[in-house]
Structure formats: C-alpha cells, structure tokens
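Q:
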Amino acid sequence: MKNLSALNIVEELEKLFPDAKGELNARNTYELSIAVILSAQSTDVSVNQVTPALFEAYPNLESLANAKAREVESYIARLGLYRAKAANIIGFAKGVVDRFHGEIPSSMEDLTSLPGVGRKCANVIQGECFHLPSLAVDTHVSRIAKRLGLVYQKDSVEVIERKLKKKLPKERWTKAHHQMIFFGRYLCQARKPQCYRCPFVEHCHEKNKNLTV
Numbered sequence: 044m045k046n047l048s049a050l051n052i053v054e055e056l057e058k059l060f061p062d063a064k065g066e067l068n069a070r071n072t073y074e075l076s077i078a079v080i081l082s083a084q085s086t087d088v089s090v091n092q093v094t095p096a097l098f099e100a101y102p103n104l105e106s107l108a109n110a111k112a113r114e115v116e117s118y119i120a121r122l123g124l125y126r127a128k129a130a131n132i133i134g135f136a137k138g139v140v141d142r143f144h145g146e147i148p149s150s151m152e153d154l155t156s157l158p159g160v161g162r163k164c165a166n167v168i169q170g171e172c173f174h175l176p177s178l179a180v181d182t183h184v185s186r187i188a189k190r191l192g193l194v195y196q197k198d199s200v201e202v203i204e205r206k207l208k209k210k211l212p213k214e215r216w217t218k219a220h221h222q223m224i225f226f227g228r229y230l231c232q233a234r235k236p237q238c239y240r241c242p243f244v245e246h247c248h249e250k251n252k253n254l255t256v
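Adding 43 to a residue's 1-based position in the sequence shown gives its number in the numbering used here.
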C-alpha cells in the first residue's frame with residue numbers, strides 16, 4: 044500500500060469489519076432518533092441499557108412530546124448530561140409533532156433545526172432510517188482520519204466530514220462510517236491502540252505506537 048488513500052483504507056476495513064453496523068438498539072425511526080440524541084458523550088452500550096424502559100414509558104413521539112422533564116430524567120439518569128438530554132429529546136419530539144406533522148424529517152436542514160440534533164446525529168438518522176448517503180463524524184472517525192493522514196489535526200468535525208465525502212464514493216459513505224467506528228472502537232482505540240494488529244501502522248501519524256502484544 045504505497046499511496047494510502049481513503050478508498051484504500053475502507054477497502055482494507057471491509058476485510059476487517061465486513062459486518063460493521065450501528066450498535067444502538069432501535070425498532071423504528073423514532074427509537075433510533077432518540078437513541079442517537081442520547082448517545083452524545085455516552086457509549087452505545089449505556090444508551091441501550093436505558094432505552095427499553097424509556098420506550099416502554101414513551102412508545103411514540105406524541106407521548107414523549109407531552110412528557111415532564113423530571114420523569115424522563117429518571118429513565119436516563121445513568122447517562123452523562125442526562126438533564127440536557129431529557130430536555131433535548133422532549134424538544135425533539137415536540138418539534139417533530141408541531142412542525143413536521145409527526146413525521147421525522149429526512150433533510151439535513153430540517154433535522155438540524157430540531158433540539159439535540161447536530162450534523163453527526165442528522166447523518167446517522169439519514170443513513171440508518173432513510174438509507175441516504177451519509178457520513179457521520181464522531182470521535183472514532185475523527186481520530187482515525189487524523190491518525191491516517193486523511194485530514195489535518197486542526198480540522199473541525201465539519202471539515203473532516205466534507206473532506207472524507209470528497210475522498211470516498213457516495214455509495215461507500217454510510218458503510219465507511221460504521222467500519223471506521225468499529226476500527227476505532229475495537230482496534231485503534233484512543234489510549235491503547237493495538238498497533239501490532241493494524242494494517243495501516245506504517246502510515247499512521249501517531250507518534251507513540253503500541254507495537255507489542
């Protein structure tokens with residue numbers, strides 16, 4: 044691999060993680076949207092622990108839109124920033140009910156106009172719920188892109204998203220997002236990356252490499 048391009052990387056990631064996919068548990072667009080909002084600065088595992096009871100209490104947008112913040116907080120209290128997240132998911136539900144006739148929108152502009160939804164969240168909803176080409180940049184994707192020299196260290200999340208989308212075919216965006224997350228979550232971790240297993244180690248910009256088992 045002399046010239047390591049974004050496409051080279053995702054083709055190698057396809058070998059490592061052919062079945063990579065989102066790990067938030069959800070049965071429909073409503074549940075996934077709420078789970079994604081709750082996942083900000085929280086692990087998917089922790090979100091999956093609180094959502095079953097939350098969705099049993101509030102099975103649809105209408106019930107969540109009419110919920111009291113303190114009651115919602117009790118279901119998600121184990122998550123970080125749970126008070127802000129409770130306000131966000133209630134606000135999201137109200138916004139969808141009041142402004143979009145109870146139908147979660149699919150456009151970036153409409154999604155990001157709702158409480159708790161930034162570009163990352165909107166990209167996930169677009170890709171997972173509406174099967175639109177999307178590439179959400181979370182901490183894993185950002186870290187991998189910087190370590191492998193696909194973007195500059197100083198680049199913002201929006202700049203990283205724009206650059207990766209330019210470097211990859213549109214049909215690969217959503218799968219590449221999941222594969223980069225799996226790579227960052229299970230091999231190229233932030234603190235103790237398993238560099239001895241990494242197929243890209245010779246191209247990595249990280250100064251301190253973990254080359255022993």
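All C-beta atoms in this analysis are idealised placements derived from N, C-alpha and C, irrespective of residue type, glycine included. Nothing here was measured: the structure is a model prediction, and the numbers come from that model.
1) Would you tell me roughly how many angstroms separate the C-alpha atoms of W216 and P176, rounded to the nearest one?
2) What is the DSSP secondary structure of H144, reduced to helix, strand or coil?
3) Put C265 into one of helix, strand or coil per three-state DSSP.
4) Would you be able to state if there are at least three C-beta pairs under 8 angstroms between the stretch 115 to 125 and the stretch 96 to 104?
5) Using the Cα positions of V180 and R113, report the straight-line distance between them to the nearest angstrom.
6) Taking only the alpha-carbon atoms, compute the straight-line gap between P102 and K137 and give it to the nearest angstrom.
7) In three-state terms, what does DSSP make of F173?
8) Can you tell me where the alpha helix (DSSP H) holding L178 begins and where it ends?
9) Between the Cα of L47 and those of S185, Y73, H248 and L67, spot the shortest distance and give me the residue it belongs to.
10) Straight-line CA distance for L211 to E152?
11) List the endpoints of the continuous alpha helix (DSSP H) containing D153.
12) Give me the Cα-Cα distance between I132 and L254, rounded to the nearest whole angstrom.
13) Out of S76, N166 and H174, point me to the one whose CA is closest to F135's CA.
14) Which class does K197 belong to by DSSP, given the choice of helix, strand or coil?
15) Please report how far the alpha carbon of M44 lies from the alpha carbon of S149, in whole angstroms.
16) Are the stretch 156 to 172 and the stretch 187 to 199 touching, with three or more C-beta to C-beta distances below 8 angstroms?
17) Can you say whether K208 is buried or exposed, counting buried as having 16 or more other CB atoms within 10 angstroms of its CB?
18) Residues in its own chain within less than 8 angstroms of L122 by CB, not counting five upstream and five downstream?
19) Counting C-beta neighbours from all protein chains within 10 Å, is the total for E171 16 or more, i.e. buried, or is it exposed?
20) Can you tell me whether K163 is buried or exposed? The criterion is at least 16 other CB atoms within 10 Å of its CB, across all chains shown.
21) Quick check on DSSP: helix, strand or coil for D87?
22) Given a cut-off of 7 angstroms on the beta-carbon distance, is the pair F225 and L191 in contact?
A: In terms of the structure at hand:
1) Residue numbering aside, residue 216 sits at position 173 when the sequence shown is read from its first letter. Residue numbering aside, residue 176 sits at position 133 when the sequence shown is read from its first letter. Each residue's Cα considered, the two are about 6 angstroms apart.
2) Within the sequence shown, numbered from 1, the residue matching residue 144 stands at position 101. If DSSP states are grouped into helix, strand and coil, H144 belongs with coil.
3) Shown here, the chain extends from 44 to 256; a query on residue 265 therefore has no answer.
4) yes
5) Locating residue 180 in the sequence shown gives position 137, counting from the first residue. Locating residue 113 in the sequence shown gives position 70, counting from the first residue. Cα to Cα, V180 sits roughly 31 angstroms from R113.
6) Counted from its first residue, the sequence shown places residue 102 at position 59. Counted from its first residue, the sequence shown places residue 137 at position 94. Rounded to the nearest angstrom, the two C-alpha atoms are 14 angstroms apart.
7) Along the sequence shown, one-based indexing puts residue 173 at 130. Coil at F173, not helix or strand.
8) Residue mapping note: residue 178 aligns to position 135 of the sequence shown, counting from 1. No alpha helix (DSSP H) contains L178, which DSSP labels as neither H nor E.
9) Sequence index remark: in the sequence shown, residue 47 carries index 4 (1-based). Answer by Cα proximity: H248.
10) By 1-based counting over the sequence shown, the position of residue 211 is 168. By 1-based counting over the sequence shown, the position of residue 152 is 109. Going from the Cα of L211 to the Cα of E152 covers about 23 angstroms.
11) By 1-based counting over the sequence shown, the position of residue 153 is 110. Looking at the DSSP string, the run of the alpha helix (DSSP H) that includes D153 is M151 to L154.
12) In the sequence shown, the residue the question calls residue 132 occupies position 89. In the sequence shown, the residue the question calls residue 254 occupies position 211. If you take the alpha carbons of I132 and L254, they lie about 43 angstroms apart.
13) Locating residue 135 in the sequence shown gives position 92, where the first residue counts as 1. With distances taken between Cα atoms, F135 lies closest to S76.
14) Here residue 197 corresponds to residue number 154 of the sequence shown, with the count starting at 1. Residue state, collapsed to three classes: coil.
15) Position 1 of the sequence shown, counted from the first residue, corresponds to residue 44. Position 106 of the sequence shown, counted from the first residue, corresponds to residue 149. A caution first: M44 carries a pLDDT of 43, below 50, which makes its placement in the model too unreliable to give a value.
16) no
17) Translated into the one-based positions of the sequence shown, residue 208 becomes position 165. Per the 10 Å Cβ criterion, buried.
18) The residue you call residue 122 lines up with position 79 of the sequence shown. Only L81, S85, S89, V90, V93 and K128 meet the Cβ criterion.
19) Here residue 171 is taken as the residue at index 128 of the sequence shown, counted from 1. Buried: at least 16 other Cβ atoms inside 10 Å.
20) Locating residue 163 in the sequence shown gives position 120, where the first residue counts as 1. Counting Cβ neighbours within 10 Å, K163 comes out buried, since at least 16 surround it.
21) As a first step, residue 87 must be located in the sequence shown, where it is residue number 44. If DSSP states are grouped into helix, strand and coil, D87 belongs with the helices.
22) Sequence index remark: in the sequence shown, residue 225 carries index 182 (1-based). Sequence index remark: in the sequence shown, residue 191 carries index 148 (1-based). No, the Cβ-Cβ distance between F225 and L191 is not below 7 angstroms.
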